[in-house]
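Residue numbers (my numbering), protein chains in the order written: chain Z, 1 to 158; chain X, 159 to 379. For every residue, glycine included, the Cβ atom is placed at its ideal position computed from N, Cα and C.
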């Protein structure tokens, strides 16, 4: 099982570097996956995407060899009701950034290959409308007030 | 009365009765005033965010199952303060955020407020089995309670609280999403819904609001 996982990851990195065009204007930081309770196979991931170019970048999909599917979602609270809206794509304006953060935009990760614990990592490839992509490693972390605080700090900084 | 007053024989005792009555009512007014002052020191009902006063909602019998499979109803709400939150285990963002925020708050409150219980109610009974609920709630805190059962059981509580939910399971059969209340409802030991904390949640804010609400309710007894 472990060998298969290793092979999948290696294959993923090699195939991405061979066939895809790396997106040089998008910088992805603080990518993390929230550790989920046992037997929960829908996880959330968060990150910050910074567009350093003068052109709009559109995120159209995300893939990972360790998850069956990844979707972009937006959590909303309307009339005290929590809803999630699936997003077909996400625009990152020129010289601007978009944050995936708890309670806001997040990535929904379906059916992990194996249960993921804090400290584990997963490669994730962000694919853009122009065909370019960016592969990063996201680390699994336990969710605590810290993640929440980060969100607040970030908002205060802007 | 007038005839009695006009009769001088009854005038003195009548005045004495009036004097006693006047002194009594004066005392009553000053008592009321001091009570009001006490209330404003604790925060009046208007200044406490999320407080349902003077009309808390009394909860009646309901019938759910807890994470061990035991029946959980009105009796289990009595004699304790409760936080009640509605969600589902397949919810990746808002529910685990709220659960971990409630855990932080519970850890702060539990030291002085050992009469507080934290209840997660699943509004997705089809996917959230008793076993799943047990694994889910205890992941956050061993003390947490998870309630479920069948749709009818869950509705016996959601309908009373007014915590509507909606299963988006028509288009998506397997990984469907559920719209659910984002608020944390607060119940007093008489099983009255005395407050509601609105999202987004923050553990320090929840802790402070709960203490205000609890002090206010205790001052009403």
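Is residue i helix, strand or coil when you go by DSSP?
{"i": "residue 52 of chain Z", "result": "coil"}
{"i": "residue 222 of chain X", "result": "strand"}
{"i": "residue 3 of chain Z", "result": "helix"}
{"i": "residue 252 of chain X", "result": "helix"}
{"i": "residue 229 of chain X", "result": "strand"}
{"i": "residue 293 of chain X", "result": "helix"}
{"i": "residue 217 of chain X", "result": "coil"}
{"i": "residue 60 of chain Z", "result": "strand"}
{"i": "residue 341 of chain X", "result": "coil"}
{"i": "residue 89 of chain Z", "result": "coil"}
{"i": "residue 12 of chain Z", "result": "helix"}
{"i": "residue 43 of chain Z", "result": "strand"}
{"i": "residue 265 of chain X", "result": "helix"}
{"i": "residue 235 of chain X", "result": "helix"}
{"i": "residue 243 of chain X", "result": "strand"}
{"i": "residue 81 of chain Z", "result": "strand"}
{"i": "residue 258 of chain X", "result": "helix"}
{"i": "residue 144 of chain Z", "result": "coil"}
{"i": "residue 302 of chain X", "result": "coil"}
{"i": "residue 160 of chain X", "result": "Any reading at residue 160 of chain X needs caution, since the residue's pLDDT is 46, under 50, leaving its predicted position unreliable; the model's value is listed next. Helix at residue 160 of chain X."}
{"i": "residue 192 of chain X", "result": "Low per-residue confidence applies at residue 192 of chain X: pLDDT is 46, beneath 50, and the placement is therefore not dependable, though the value from the model is reported in the following sentence. Residue 192 of chain X: helix per DSSP, three-state reduction."}
Cβ of residue i within 9 Å of Cβ of residue j?
{"i": "residue 259 of chain X", "j": "residue 364 of chain X", "result": "yes"}
{"i": "residue 123 of chain Z", "j": "residue 9 of chain Z", "result": "yes"}
{"i": "residue 30 of chain Z", "j": "residue 47 of chain Z", "result": "yes"}
{"i": "residue 320 of chain X", "j": "residue 283 of chain X", "result": "no"}
{"i": "residue 289 of chain X", "j": "residue 144 of chain Z", "result": "no"}
{"i": "residue 232 of chain X", "j": "residue 218 of chain X", "result": "yes"}
{"i": "residue 42 of chain Z", "j": "residue 110 of chain Z", "result": "yes"}
{"i": "residue 269 of chain X", "j": "residue 240 of chain X", "result": "no"}
{"i": "residue 128 of chain Z", "j": "residue 40 of chain Z", "result": "no"}
{"i": "residue 222 of chain X", "j": "residue 315 of chain X", "result": "yes"}
{"i": "residue 73 of chain Z", "j": "residue 108 of chain Z", "result": "yes"}
{"i": "residue 238 of chain X", "j": "residue 274 of chain X", "result": "yes"}
Just checking my contact of residue i with residue j at CB under 8 Å: how many whole Å lie between their CB atoms?
{"i": "residue 224 of chain X", "j": "residue 303 of chain X", "result": "6 Å"}
{"i": "residue 140 of chain Z", "j": "residue 35 of chain Z", "result": "5 Å"}
{"i": "residue 89 of chain Z", "j": "residue 58 of chain Z", "result": "5 Å"}
{"i": "residue 208 of chain X", "j": "residue 367 of chain X", "result": "6 Å"}
{"i": "residue 338 of chain X", "j": "residue 246 of chain X", "result": "7 Å"}
{"i": "residue 344 of chain X", "j": "residue 354 of chain X", "result": "7 Å"}
{"i": "residue 374 of chain X", "j": "residue 203 of chain X", "result": "7 Å"}
{"i": "residue 49 of chain Z", "j": "residue 91 of chain Z", "result": "So it is not a contact: roughly 10 Å between Cβ atoms."}
{"i": "residue 100 of chain X", "j": "residue 220 of chain X", "result": "For chain X, the structure presents residues 159 to 379; residue 100 of chain X sits outside this window and is missing."}
{"i": "residue 95 of chain Z", "j": "residue 51 of chain Z", "result": "7 Å"}
{"i": "residue 340 of chain X", "j": "residue 77 of chain Z", "result": "5 Å"}
{"i": "residue 75 of chain Z", "j": "residue 300 of chain X", "result": "Residue 75 of chain Z to residue 300 of chain X, Cβ: 27 Å. No contact."}
What are the start and end residues of the alpha helix (DSSP H) that includes residue i?
{"i": "residue 319 of chain X", "result": "309 to 319"}
{"i": "residue 372 of chain X", "result": "361 to 378"}
Under 8 Å: does the beta carbon of residue i sit that close to some heavy atom of the ligand FAD?
{"i": "residue 303 of chain X", "result": "For the structure depicted, the ligand FAD is absent and the ligand set is empty, with no information on it obtainable."}
Determine the extent of the beta strand (DSSP E) in which residue i is found, giving its start and end residues.
{"i": "residue 28 of chain Z", "result": "26 to 34"}
{"i": "residue 96 of chain Z", "result": "96 to 100"}
{"i": "residue 141 of chain Z", "result": "132 to 141"}
{"i": "residue 274 of chain X", "result": "274 to 280"}
{"i": "residue 124 of chain Z", "result": "121 to 128"}
{"i": "residue 355 of chain X", "result": "350 to 355"}
{"i": "residue 66 of chain Z", "result": "Run containing residue 66 of chain Z: none; DSSP gives neither H nor E here."}
{"i": "residue 206 of chain X", "result": "Segment: none, residue 206 of chain X is in no beta strand (DSSP E) and carries neither H nor E."}
{"i": "residue 108 of chain Z", "result": "105 to 112"}
{"i": "residue 326 of chain X", "result": "324 to 326"}
How do the region 310 to 324 of chain X and the region 53 to 67 of chain Z stand: do at least 3 beta-carbon pairs fall below 8 Å, yes or no? no
Are the region 82 to 100 of chain Z and the region 323 to 340 of chain X touching by the rule of at least three beta carbon pairs closer than 8 Å? yes
Given 8 Å as the limit, is there contact between the region 241 to 258 of chain X and the region 21 to 36 of chain Z, that is, 3 or more CB pairs closer than that? yes
Are the region 209 to 225 of chain X and the region 348 to 364 of chain X touching by the rule of at least three beta carbon pairs closer than 8 Å? yes
With three or more beta-carbon pairs closer than 8 Å as the criterion, would you say the region 93 to 103 of chain Z touches the region 131 to 138 of chain Z? no
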